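Everything on this sheet refers to the single structure shown next.
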Amino acid sequence: MNPRSISAAEIIKNFTFLGAVTAIEEALKGGLDPAADLQRSILPIEKGELLLMPATSAEGSGIKILTIAPNNPALNQPRIQGVYILFDRENLSISSLLDGAALTTYRTPAISFAAIRQALELSQEDLSVVVFGSGPQAISHIQTLAAVLPAHVKVKSVTFVARDLEKAKQRVPDLVELGLSPECELQIFETGAAEVQGHLQRADLVIAATTARSPLFDSSLLKDLVIVVAVGSHEPDVREVDSKLLGRAQIVVETRASALREAGDVIMAINDGSIRENSLNDLADVVCGRVTLNRDKPIFFKSSGMSWEDLVIARAIEQALK
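Read in order, the letters of the sequence shown correspond to residues 1188 to 1509 in the working numbering.
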């Protein structure tokens, strides 16, 4: 059997952000247990990190191999590069090779919006959104939001906040490519701009998709009905959101075990006494309806990435291209 090579262009042409969210939800509702996931390896190498993310299920197995090179953007090269290898269920031969970075671009927001979709459906007003970051994850989170938003809710404004303003202006696509209506207000500010504070005070949804190692903003600015998603870090001593937010929020994580191992936002809030381990809610419990999200307080979702997620999305992409 000759494995099929699936490029980033093919994935973008044939797969949708809504399809990615649906695949994650269906997998969890179908009984997939994230707690049974194989542990990934994050290995330091000379120019960055090497990630190995193996996973297996009743439908087959796979592994994602990625490099993360922090200095690459300055060289006009992608920060994340890699490949996903899908194996046949019956004979373990390689069935497909997928572009790993493109897969990650769909997987990460799919997890975020599977986690908070219930809360979005309970929203009564149009959304003001603040996004920290301007890379592929920041952009794909807005594209996924546009795809999953319930019919009675619209996005009225999106504000990107980035360290490099000129680079952000080049990266962030127009409203059409983002999937938003022409009436949506789109703005881009540099980190530290005075206007950002006001946008945070009005924000209904805040997305953190950066390489920051310390909190990006003062969470006391945020209102009680805010939803915050943090996806940029996977190290126990790195965070994008301060402990004060977690202390007043309902917290959702991929699994409690993975969060206690890798999610610095959560680990540091536990260590300083802001929250306890038993305040963490698993993603599967939210998606399957065993936990109801509370719209009277902030909702915080933290993702560090797990191997099962990539396997689910890779299988869904392979099926979409048949």
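Glycine included, C-beta positions come from ideal geometry on N, C-alpha and C. Fair warning: this is a prediction, and the values are worked out from it, not measured in the lab.
Endpoints, alpha helix (DSSP H) assigned at residue i
i, result
"Glu1353", "Leu1352 to Arg1358"
"Thr1291", "Gly1287 to Glu1308"
"Ile1193", "Where Ile1193 is concerned, there is no enclosing alpha helix (DSSP H), although the beta strand (DSSP E) it sits in stretches over Arg1191 to Ile1193."
"Phe1347", "It is not in any alpha helix (DSSP H) - Phe1347 instead sits in the beta strand (DSSP E) that spans Val1342 to Ala1349."
"Ile1462", "Taken as a continuous stretch (DSSP letters only), Ile1462 belongs to no alpha helix (DSSP H), as it is neither H nor E."
"Phe1404", "It is not in any alpha helix (DSSP H) - Phe1404 carries neither H nor E in the DSSP assignment."
"Leu1279", "Counting along the chain, Leu1279 falls outside any alpha helix (DSSP H), and DSSP gives it neither H nor E."
"Arg1448", "Arg1443 to Glu1449"
"Asp1497", "Ser1494 to Ala1507"
"Phe1202", "Careful: Phe1202 lies outside any alpha helix (DSSP H) and carries neither H nor E."
"Glu1364", "Leu1362 to Leu1365"
Spatial neighbours of residue i in its chain, beta-carbon cut-off 7 Å, leaving aside the 5 residues before and after
i, result
"Asp1224", "Ala1242, Met1493, Ser1494 and Trp1495"
"Arg1276", "Glu1246 and Gly1247"
"Pro1369", "Leu1362"
"Ser1490", "Thr1295, Ile1298, Ser1299, Val1418 and Glu1441"
"Ser1406", "Val1428, Asp1429, Lys1431 and Leu1432"
"Pro1402", "Arg1426, Glu1427, Val1428 and Asp1429"
"Val1359", "Ser1321, Ile1326, Phe1347 and Ile1375"
"Phe1488", "Ser1299, Ala1302, Ile1303, Val1416 and Val1439"
"Glu1197", "Leu1508"
Residue(s) in a DSSP beta bridge with residue i
i, result
"Thr1331", "According to DSSP, Thr1331 bridges with nothing at all."
"Asn1414", "Contrary to the premise, residue 1414 reads as Ile rather than Asn in this sequence. BP columns for Ile1414 point to Leu1392 and Ile1486."
"Gly1249", "Ala1242 and Leu1273"
"Thr1254", "Leu1237 and Gln1268"
"Glu1377", "Ala1349"
"Ser1228", "Leu1239"
"Glu1372", "Ser1344"
"Leu1284", "Ser1192 and Ile1272"
Nonlocal neighbours in the same chain, by C-beta distance under 6 Å from residue i, ignoring five residues either side
i, result
"Ala1333", "Gly1366 and Leu1367"
"Lys1234", "Ala1256"
"Gly1320", "Ala1396 and Thr1397"
"Ser1563", "What the structure shows of the chain is the stretch from 1188 to 1509, and residue 1563 is not part of that stretch, so it cannot be assessed."
"Tyr1293", "Ala1207 and Ile1500"
"Ala1507", "Asn1201 and Phe1202"
"Ala1222", "Thr1442"
Host beta strand (DSSP E) of residue i (start-end)
i, result
"Gln1437", "Gln1437 to Val1440"
"Leu1314", "Leu1314 to Phe1319"
"Asp1469", "Leu1467 to Asp1469"
8 Å Cβ shell around residue i - same chain, five flanking residues per side excluded
i, result
"Ser1430", "Met1455, Ala1456, Asp1459, Ser1461 and Ile1462"
"Ala1210", "Ala1297, Val1499, Ile1500, Arg1502 and Ala1503"
- Does the segment 1444-1453 come within contact of the segment 1419-1434, defined as at least 3 CB pairs closer than 8 Å? yes
- Is the segment 1371-1379 touching the segment 1351-1362, taking contact as three or more C-beta pairs under 8 Å? yes
- Message: Between the segment 1402-1421 and the segment 1381-1393, can you find at least three pairs of beta-carbon atoms closer than 8 Å?
- Response: yes
- Message: Whether or not the segment 1254-1273 and the segment 1383-1390 are in contact is what I'm after, with contact meaning three or more pairs of Cβ atoms, one per stretch, closer than 8 Å; do they touch?
- Response: no
- Message: Assess contact between the segment 1283-1295 and the segment 1188-1204, defined as three or more Cβ pairs (one per stretch) separated by less than 8 Å. Is contact present?
- Response: yes
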